[in-house]
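**Student:** Let me begin by handing over the structure; questions about it come next.
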Amino acid sequence: MKLCQYIAGLALAAVSTAASALTFPLQPGQDIVGHVQTITVGQDINITHIAQQYDVGYYQLVEANQGKDINHLQTGDQLTIPTQYIIPNVPRRGIVINQAEMRLFYFPPNKHEVVTYPVGIGRAGWNTPVTVAKIIEKKAHPTWFVPQSIQRDLALQGIQSPKSIPAGPGNPLGPYMLRLSMPTYLIHGSNDASTVGRRSSSGCIHLYNPDITALFAAVPVGTRVNIINNPYL
970 MKLCQYIAGL ALAAVSTAAS ALTFPLQPGQ DIVGHVQTIT VGQDINITHI
1020 AQQYDVGYYQ LVEANQGKDI NHLQTGDQLT IPTQYIIPNV PRRGIVINQA
1070 EMRLFYFPPN KHEVVTYPVG IGRAGWNTPV TVAKIIEKKA HPTWFVPQSI
1120 QRDLALQGIQ SPKSIPAGPG NPLGPYMLRL SMPTYLIHGS NDASTVGRRS
1170 SSGCIHLYNP DITALFAAVP VGTRVNIINN PYL
C-alpha cells in the first residue's frame, strides 16, 4: 500500500504564513494564465514563507531562479516568482493534477475560470499513479492510520511507527482529506509546508493547509480527478 506523506516529518509544525489560491478567468482555447513576477526580498528571507505567500512550490522557485541559491537569500535579492501556468491539454473538468508541473488545476462547474495550487507528490519508489479517479470521501480533521507498508519501511530503518496519528498539528494529513477512488491515495494538507512543490510523499498529493481548506470547501464527492504527467519543454 502506498499512502500519504512520510512519517519522518511528523514533528515539524506547519508554517503559519497563509497561502492564497490563484484564480484566473479562462476563455475557450486559452492555454496560458497568469504572469511571471519579480520581487525584491524583504526582511523575511525564508523561502517556504515566500513560496506560500505566492502559492508556488519549492521546485518551481528553483527552476525559475537557476544559478541562485534560493535557500540562502539576502535582503534586497531579486527573486523570480513563476506565477504563469500552462493549462494541461486534457478535458477541463473537475480536478487535473499535472505531476510534471507539481500543480493542481480545479475547473469549477459552470464558471469560466481555473483555480490552481502547488502540490507535493510521490517521491522515487513511492510514485503517484497516472490515472483518472474521483473523490469518494471528504473528511475534516482526519486521523492518519499509518499503512503497514510505511510501518515496515520505517522498521527497516530502526524507527518504530505508531499505528495511527490523531488529528492535530503533528498529523501529516493536515486539517482536511479527500479520498480518491483508488482508496489508498488521498489529496490532503500537510504538517510541513516545505514539502509542497517537491517529490516528497509516499504517493499521495498534498497541499498547503490554506489551499486544501479552500479545495475541500469547493469540491463535492464525485468530483473527477485526472492525474497526468505532461512535461512542457
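According to our numbering, the sequence shown is numbered sequentially starting from 970.
C-beta: ideal position from N, C-alpha, C; glycine also.
The structure displayed is predicted, hence computed values, not measured ones.
(1) Considering only their Cβ atoms, is the gap separating tyrosine 1086 from leucine 920 smaller than 7 Å?
(2) Is the CB-CB distance between isoleucine 1066 and tyrosine 1201 below 7 Å?
(3) Inspect the CB distances between the region 1101-1109 and the region 1140-1158 and report whether three or more fall short of 8 Å.
(4) For glutamine 1047, which of Ile1008, Glu1032, Gly1091 and Tyr1075 has the nearest alpha-carbon?
(5) By Cβ distance, which residues of its chain are closer than 8 Å to glutamine 1043, with the 5 residues on each side in sequence left out?
(6) What's the gap between the Cα of leucine 1142 and the Cα of proline 1135?
(7) Have a look at the DSSP bridge pairing and note the partners of tryptophan 1113.
(8) Mind checking if leucine 1123 is an interface residue toward chain D, Cβ cutoff 7 Å exclusive?
(9) Thinking C-beta only, is isoleucine 1174 closer than 7 Å to isoleucine 1090?
(10) CB-CB under 7 Å to histidine 1110, same chain, minus the five flanking residues each way: which ones, in chain order?
(11) Using the Cβ count rule (16 or more neighbours within 10 Å means buried), how would you classify glycine 1127?
(12) Buried or exposed: arginine 1072, going by 16 or more other Cβ atoms within 10 Å of its Cβ?
(13) Quick check on the burial criterion: 16 or more other C-beta atoms within 10 angstroms. Buried or exposed for proline 1057?
(14) In angstroms with no decimal places, state the Cα-to-Cα distance between glycine 1139 and proline 997.
(15) Are threonine 1017 and alanine 1162 closer than 7 Å when you measure CB to CB?
(16) Buried or exposed: glutamate 1032, going by 16 or more other Cβ atoms within 10 Å of its Cβ?
(17) Using only the alpha-carbon positions, how far apart do glycine 1166 and phenylalanine 1185 sit?
(18) If contacts are defined as beta-carbon pairs under 8 Å, then serine 1169 and arginine 1092 qualify, I think. What distance do you get, rounded to the angstrom?
(19) On a Cα-Cα basis, can you pick out the residue from Phe1074, Asn1178 and Tyr1023 that is closest to histidine 1004?
(20) To which residues does DSSP link isoleucine 1050 through a beta bridge?
**Tutor:** In short, the structure shows the following:
(1) Only positions 970 to 1202 of the chain appear in this structure, which leaves residue 920 out of reach.
(2) The sequence position of residue 1066 within the sequence shown is 97, counting from 1. The sequence position of residue 1201 within the sequence shown is 232, counting from 1. Their beta carbons are not under 7 Å apart, which means isoleucine 1066 does not touch tyrosine 1201 by this criterion.
(3) yes
(4) Residue numbering aside, residue 1047 sits at position 78 when the sequence shown is read from its first letter. Among Ile1008, Glu1032, Gly1091 and Tyr1075, the Cα nearest to that of glutamine 1047 belongs to Ile1008.
(5) What you label residue 1043 is simply residue 74 of the sequence shown in a count that begins at 1. Excluding residues within five positions, the ones whose Cβ falls inside 8 Å are Val1010 and Ile1014.
(6) Locating residue 1142 in the sequence shown gives position 173, where the first residue counts as 1. Locating residue 1135 in the sequence shown gives position 166, where the first residue counts as 1. Looking at the two C-alpha atoms, the distance is approximately 10 Å.
(7) Here the question's residue 1113 lines up with position 144 in the sequence shown. In DSSP, tryptophan 1113 forms a bridge with Ile1134.
(8) The chain labelled as chain D is not found in the depicted structure, where only one protein chain is given.
(9) For the purposes of this step, residue 1090 is identified with residue 121 of the sequence shown, where counting begins at 1. For the purposes of this step, residue 1174 is identified with residue 205 of the sequence shown, where counting begins at 1. Against a cut-off of 7 Å, the Cβ pair of isoleucine 1174 and isoleucine 1090 comes out as a contact.
(10) For the purposes of this step, residue 1110 is taken as the residue at position 141 of the sequence shown. Cβ within range, chain order: Ala1136 and Pro1144.
(11) Stepping through the sequence shown from its first residue, residue 1127 is reached at position 158. Answer is exposed; the Cβ neighbour count stays below 16.
(12) The count along the sequence shown starts at 1 and reaches residue 1072 at position 103. It is buried - the Cβ of arginine 1072 has at least 16 other Cβ atoms within 10 Å.
(13) Along the sequence shown, read from residue 1 onward, the residue named residue 1057 stands at position 88. Per the 10 Å Cβ criterion, buried.
(14) The sequence position of residue 1139 within the sequence shown is 170, counting from 1. The sequence position of residue 997 within the sequence shown is 28, counting from 1. Spanning the two alpha carbons is a distance of roughly 43 Å.
(15) Counting from one through the sequence shown, the residue named residue 1017 turns up at place 48. Counting from one through the sequence shown, the residue named residue 1162 turns up at place 193. Going by C-beta atoms, threonine 1017 is nearer than 7 Å to alanine 1162.
(16) By 1-based counting over the sequence shown, the position of residue 1032 is 63. Label assigned to glutamate 1032: exposed.
(17) Locating residue 1166 in the sequence shown gives position 197, where the first residue counts as 1. Locating residue 1185 in the sequence shown gives position 216, where the first residue counts as 1. For glycine 1166 and phenylalanine 1185, the distance between alpha carbons rounds to 19 Å.
(18) For the purposes of this step, residue 1169 is taken as the residue at position 200 of the sequence shown. For the purposes of this step, residue 1092 is taken as the residue at position 123 of the sequence shown. Going by Cβ atoms, the distance from serine 1169 to arginine 1092 rounds to 6 Å, so yes, they are a contact pair.
(19) Mapped onto the sequence shown, residue 1004 falls at position 35. Here the closest residue by C-alpha is Tyr1023.
(20) In the sequence shown, the residue the question calls residue 1050 occupies position 81. Paired residue(s): Gln1006.
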